[in-house]
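Note sheet for the following structure.
There are 2 protein chains.
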Amino acid sequence: VGRAKKPYFKRVAVVGVGLIGGSLAIELRGSKMAGSICGVGRGLKNLKTAKRLGIIDEYTTDVLKGVADADLIVLAVPVSRTAGLVKAAANALKPGAIVTDVGSVKKAVVEACEPLMPEGVFFVGGHPIAGTEHSGAESAFAGLFKGRRTIITPTKKTSKGALKAVTQVWKAAGSEVVIMDAGTHDRVLAAVSHLPHMIAYTLVGAVADLGSVDNGEKIVKYSAGGFRDFTRIASSSPEMWREICELNGREIVSSLDYFMKKLSMLKADIKAKKFDRVQREFERAKNVRDSLKSGVKGWRK
Amino acid sequence: VGRAKKPYFKRVAVVGVGLIGGSLAIELRGSKMAGSICGVGRGLKNLKTAKRLGIIDEYTTDVLKGVADADLIVLAVPVSRTAGLVKAAANALKPGAIVTDVGSVKKAVVEACEPLMPEGVFFVGGHPIAGTEHSGAESAFAGLFKGRRTIITPTKKTSKGALKAVTQVWKAAGSEVVIMDAGTHDRVLAAVSHLPHMIAYTLVGAVADLGSVDNGEKIVKYSAGGFRDFTRIASSSPEMWREICELNGREIVSSLDYFMKKLSMLKADIKAKKFDRVQREFERAKNVRDSLKSGVKGWRK
Numbered sequence: 001v002g003r004a005k006k007p008y009f010k011r012v013a014v015v016g017v018g019l020i021g022g023s024l025a026i027e028l029r030g031s032k033m034a035g036s037i038c039g040v041g042r043g044l045k046n047l048k049t050a051k052r053l054g055i056i057d058e059y060t061t062d063v064l065k066g067v068a069d070a071d072l073i074v075l076a077v078p079v080s081r082t083a084g085l086v087k088a089a090a091n092a093l094k095p096g097a098i099v100t101d102v103g104s105v106k107k108a109v110v111e112a113c114e115p116l117m118p119e120g121v122f123f124v125g126g127h128p129i130a131g132t133e134h135s136g137a138e139s140a141f142a143g144l145f146k147g148r149r150t151i152i153t154p155t156k157k158t159s160k161g162a163l164k165a166v167t168q169v170w171k172a173a174g175s176e177v178v179i180m181d182a183g184t185h186d187r188v189l190a191a192v193s194h195l196p197h198m199i200a201y202t203l204v205g206a207v208a209d210l211g212s213v214d215n216g217e218k219i220v221k222y223s224a225g226g227f228r229d230f231t232r233i234a235s236s237s238p239e240m241w242r243e244i245c246e247l248n249g250r251e252i253v254s255s256l257d258y259f260m261k262k263l264s265m266l267k268a269d270i271k272a273k274k275f276d277r278v279q280r281e282f283e284r285a286k287n288v289r290d291s292l293k294s295g296v297k298g299w300r301k
Numbered sequence: 001v002g003r004a005k006k007p008y009f010k011r012v013a014v015v016g017v018g019l020i021g022g023s024l025a026i027e028l029r030g031s032k033m034a035g036s037i038c039g040v041g042r043g044l045k046n047l048k049t050a051k052r053l054g055i056i057d058e059y060t061t062d063v064l065k066g067v068a069d070a071d072l073i074v075l076a077v078p079v080s081r082t083a084g085l086v087k088a089a090a091n092a093l094k095p096g097a098i099v100t101d102v103g104s105v106k107k108a109v110v111e112a113c114e115p116l117m118p119e120g121v122f123f124v125g126g127h128p129i130a131g132t133e134h135s136g137a138e139s140a141f142a143g144l145f146k147g148r149r150t151i152i153t154p155t156k157k158t159s160k161g162a163l164k165a166v167t168q169v170w171k172a173a174g175s176e177v178v179i180m181d182a183g184t185h186d187r188v189l190a191a192v193s194h195l196p197h198m199i200a201y202t203l204v205g206a207v208a209d210l211g212s213v214d215n216g217e218k219i220v221k222y223s224a225g226g227f228r229d230f231t232r233i234a235s236s237s238p239e240m241w242r243e244i245c246e247l248n249g250r251e252i253v254s255s256l257d258y259f260m261k262k263l264s265m266l267k268a269d270i271k272a273k274k275f276d277r278v279q280r281e282f283e284r285a286k287n288v289r290d291s292l293k294s295g296v297k298g299w300r301k
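If you read the sequences in order, they're chains A and B.
Residue 266 in our numbering is what sits at position 266 of the first sequence, and the numbering runs on without skipping anything.
Residue 138 in our numbering is what sits at position 138 of the second sequence, and the numbering runs on without skipping anything.
This is how it looks when you write it as structure tokens:
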């Protein structure tokens with residue numbers, strides 16, 4: 001993985017040329033870190049779009065063909081498919097290759113993938129905390145990762161060279177890189193991302209359960225802008241979030257437990273009319289939330 | 001309250017010339033429903049601003065003076081202050097006057113205010129489901145209520161004339177008027193507004209409790225755009241939300257109970273690895289949420 005400062009990958013395979021995979025391909029090309037980029041996917045239509053848009057140089061629906069001779073393999077597929085793909089492709093990987101992913105869950109993925117690596121090939125888990133509601137190659141764009149954090153989760157087995165190479169890839173994409181063990185990543189993401197999604201889906205379901213008021217109109221229709229902002233994430237892909245629950249269930253359950261404990265305390269305070277305490281909790285939360293408004297990298301613009 | 005179609009109020013008193021009171025004053029003037037508008041408040045600075053902006057014709061910090069001779073009195077003050085103001089001003093109200101409010105809680109307010117009305121004066125509770133993060137007279141603007149719902153909560157004692165007049169006021173402001181009893185209003189708003197605020201404050205508090213990761217950085221800083229949208233309402237006024245908890249505690253506790261029951265069911269499903277059920281719940285919520293995206297009146301733009 002050549003040169004002193006910037007790694008150079010003669011051939012890169014991007015498996016899953018969607019919003020994340022496609023945007024990273026654009027950055028790899030723009031930063032001249034990739035010689036040629038091969039897109040790998042199941043659907044020809046998306047791959048053709050990616051080629052037409054100049055995101056990739058060539059494409060194939062054959063994973064083995066796509067990863068053979070690749071120096072860097074980026075797996076940008078739903079988290080549930082990552083380990084299966086690695087298993088299928090492991091023997092086709094060339095010595096010295098680096099495999100990385102972009103999934104929202106790291107421990108299960110890294111633990112499944114790392115042992116599958118042939119001698120001299122490294123799997124390095126990664127997770128760019130970035131995204132939009134859109135998907136597919138045509139939604140990819142330069143700058144998606146700019147100012148956002150990417151968490152990289154090496155293990156004791158990860159070579160320094162592989163870690164450095166993956167770090168450079170994300171830095172070249174404009175991202176701030178944070179190194180973390182996979183378990184910590186999953187605990188942090190359970191709190192700041194997975195838990196909010198569980199809450200949003202459940203809240204929308206709870207309000208839908210309430211049914212209608214006398215005029216026959218659904219109660220949920222009385223919601224205003226605050227509710228819309230609050231529940232926007234309940235429009236996320238149910239399939240993707242089911243997979244995240246499957247792969248990070250323990251941390252999600254633990255964050256749900258803690259959240260419900262706090263919500264029970266608030267409820268008890270309201271019932272006991274301890275409104276000074278209620279207000280203090282609100283004030284503390286407001287201060288924390290207000291502190292996020294500016295100066296935080298990784299925000300959606 | 002003259003004319004056949006449109007009521008005409010010779011004198012209107014707006015107590016609290018902030019975002020809501022000020023914007024309603026603008027609409028009353030624009031629709032020619034008010035002869036003159038007197039702003040009533042505690043702070044001279046805000047009242048002077050309101051006059052300078054042409055929102056009100058005159059102002060006073062003396063409530064009794066402000067409401068005397070008014071045909072319509074709009075109480076646009078924090079919900080906790082409404083009943084006290086009505087009590088203080090009741091004897092100064094002129095026969096035939098109509099008193100209305102704009103608060104987020106209706107049962108406690110209506111039950112406290114209605115019995116205080118002198119003979120021939122009516123209190124009609126109202127709640128425009130509209131707002132922005134801003135406050136004060138300079139944040140008032142024409143169009144705030146356009147396309148939003150306003151809920152009006154008459155009782156058995158409310159005269160048809162008073163109900164009609166208040167309905168016309170909000171229709172003139174561009175709002176869609178929905179008539180509901182105060183208890184139903186509080187149950188509906190507990191679900192679509194009060195519960196989400198309780199959740200948002202508690203979620204931000206829970207994530208803040210988690211502290212920092214190894215690099216010393218707070219876990220909450222790893223949140224991305226979804227979390228920011230999700231918790232924006234945790235930046236709302238702690239004082240106002242404490243008051244809403246005080247006045248609508250029973251419904252808020254009941255909505256918290258239902259929400260927590262559903263969240264416990266989700267947790268149990270994740271623990272029991274019943275992921276098909278988890279996904280079905282997510283799908284149902286997504287469908288409901290997606291249905292809110294378009295065609296719903298009352299959304300913040």
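All residues carry an ideal CB built from backbone N, CA and C; glycine is no exception.
In this text, all values refer to a predicted model and were calculated from it rather than measured experimentally.
**Study point:** Proximity winner among K164(A), H194(A), V220(A) and E281(A), relative to I252(A) (alpha-carbon distances)
**Key:** Distance from the Cα of I252(A) is smallest, within the candidate group K164(A), H194(A), V220(A) and E281(A), for H194(A).
Review point. In the DSSP assignment, what residue or residues form a beta bridge with R316(B)?
Key: Past the boundaries of the shown model lies residue 316(B); chain B is included only from 1 to 301, so the question cannot be answered.
Check your understanding: Does DSSP put S237(A) in a helix, a strand or coil?
Key -> If DSSP states are grouped into helix, strand and coil, S237(A) belongs with coil.
Point to revise | 8 angstroms Cβ cutoff met for I199(A) and L163(B) | key: Not in contact: I199(A) and L163(B) (Cβ atoms no closer than 8 angstroms).
Review point. To the nearest angstrom, how far is it from the Cα of L53(B) to the Cα of S175(A)?
Key: One C-alpha to the other measures close to 47 angstroms.
Review point. Count the other CB atoms within 10 Å of the CB of K106(A); is the residue buried (16 or more) or exposed (fewer)?
Key: Result: buried.
Exercise for review: Starting from the C-beta of W170(B), find all residues in its chain whose C-beta is less than 6 angstroms away, skip the five residues before and the five after it, and write them out in chain order.
Suggested key: T150 and V177.
Review point. CB-CB under 6 angstroms to I98(A), same chain, minus the five flanking residues each way: which ones, in chain order?
Key: Same-chain partners within the cutoff: L72, F122, A162 and A165.
Check your understanding: From what residue to what residue does the alpha helix (DSSP H) around D276(A) run?
Key -> Unbroken alpha helix (DSSP H) run through D276(A): F275 to S291.
Point to revise | Closer than 9 angstroms at the beta carbon, the chain B residues around I252(A) | key: Chain B residues near I252(A): K267 and I270.
Review point. Comparing the C-beta of L292(B) with each C-beta of chain A, is any distance below 8 angstroms?
Key: So yes, L292(B) belongs to the interface.
Check your understanding: So, using beta-carbon positions, are G30(A) and A142(A) closer together than 8 angstroms?
Key -> If you check the CB distance, G30(A) and A142(A) come in under 8 angstroms.
Check your understanding: Within 8 angstroms (strictly less), CB to CB, does F145(B) reach chain A?
Key -> F145(B) does not count as touching chain A.
Point to revise | Simplified DSSP state of F259(B), which is helix, strand or coil | key: If DSSP states are grouped into helix, strand and coil, F259(B) belongs with the helices.
Review point. For a contact meaning CB atoms closer than 8 angstroms, what does S235(A) contact in chain B?
Key: Using a Cβ-Cβ cut-off of 8 angstroms, S235(A) is close to K286, R289, D290 and K293 of chain B, given in chain order.
Exercise for review: Label D101(A) either buried or exposed according to how many other C-beta atoms from any shown protein chain fall within 10 Å of its C-beta, with 16 as the threshold for buried.
Suggested key: Counting every other CB atom within 10 Å of its CB across the protein chains shown gives D101(A) a total of 16 or more, marking it as buried.
**Study point:** Close Cβ partners of A112(A) (< 6 angstroms) along its chain, the five nearest in sequence each way excluded
**Key:** Correct list, in chain order: A83.
Practice item. Starting from the beta carbon of W170(A), find every residue of chain B whose beta carbon is closer than 8 angstroms, and list them in chain order. Key: The contacting residues do not exist; W170(A) stays about 15 angstroms from chain B at best.
Exercise for review: Take F282(B) and list the residues in its own chain whose beta-carbon comes closer than 8 angstroms to its own, dropping the five residues that flank it on each side.
Suggested key: Excluding positions up to five away in sequence, the list is empty.
Check your understanding: Got a sec, what are the start and stop residues for the alpha helix (DSSP H) E27(A) sits in?
Key -> Per DSSP, the unbroken alpha helix (DSSP H) holding E27(A) starts and ends at L19 to G30.
Review point. Based on Cα-Cα distance, which residue from G205(B), A285(B) and I233(B) lies nearest to E239(A)?
Key: Ranking G205(B), A285(B) and I233(B) by Cα distance to E239(A) puts A285(B) first.
Check your understanding: Within the 8 angstroms Cβ cut-off, does C245(B) reach chain A?
Key -> It does: the Cβ of C245(B) has a partner Cβ on chain A nearer than 8 angstroms.
Exercise for review: Alpha carbon to alpha carbon, how far is F9(B) from S237(A)? Give it in angstroms, no decimals.
Suggested key: Taking the straight line from one Cα to the other gives about 53 angstroms.
Exercise for review: Check whether the Cβ of N46(A) lies closer than 8 angstroms to any Cβ atom in chain B.
Suggested key: No - not a single Cβ of chain B is within 8 angstroms of the one on N46(A).
Review point. Would Y59(A) count as contacting chain B if we go by Cβ distances under 8 angstroms?
Key: Chain B contact via Cβ: absent.
Review point. Beta-carbon of E119(A) versus every beta-carbon of chain B: anything under 8 angstroms?
Key: No, because no Cβ of chain B sits closer than 8 angstroms to the Cβ of E119(A).
**Study point:** Cβ-based burial, P196(B) [other Cβ within 10 Å; buried from 16]
**Key:** Result: buried.
Check your understanding: Taking the C-alpha atoms as reference points, what is the distance between F227(A) and I233(B)?
Key -> Taking the CA atoms as reference points, F227(A) sits about 9 angstroms from I233(B).
Exercise for review: Using a cut-off of 7 angstroms between C-beta atoms, extract the partners of G125(A) located in chain C.
Suggested key: No chain C is present in this structure, whose protein chains are A and B.
Point to revise | Cβ-Cβ distance between K85(B) and L93(B) below 8 angstroms | key: Reading off the sequence, residue 85(B) comes out as Leu, not Lys. Going by C-beta atoms, L85(B) is not nearer than 8 angstroms to L93(B).
Review point. When you compare only the Cα positions, how much space is there between A224(B) and R148(B)?
Key: If you take the alpha carbons of A224(B) and R148(B), they lie about 30 angstroms apart.
**Study point:** Residue nearest to Q279(B) in terms of C-alpha spacing, selected from I244(A), A268(A) and M265(A)
**Key:** Nearest C-alpha to Q279(B): I244(A).
Practice item. Can you tell me which of the three DSSP states T82(B) falls into? Key: Looking at T82(B) - three-state DSSP - the assignment turns out to be helix.
Point to revise | Where A68(A) sits in the DSSP three-state scheme | key: A68(A) falls in the coil class under three-state DSSP.
Review point. T49(B): buried (16+ other C-beta within 10 angstroms of its C-beta) or exposed?
Key: Per the 10 Å Cβ criterion, buried.
Practice item. Give every residue of the same chain whose Cβ lies closer than 7 angstroms to the Cβ of H185(B), excluding the five residues on either side of it in the sequence, and list them in chain order. Key: Hits under 7 angstroms: K106, H127, I151 and T153.
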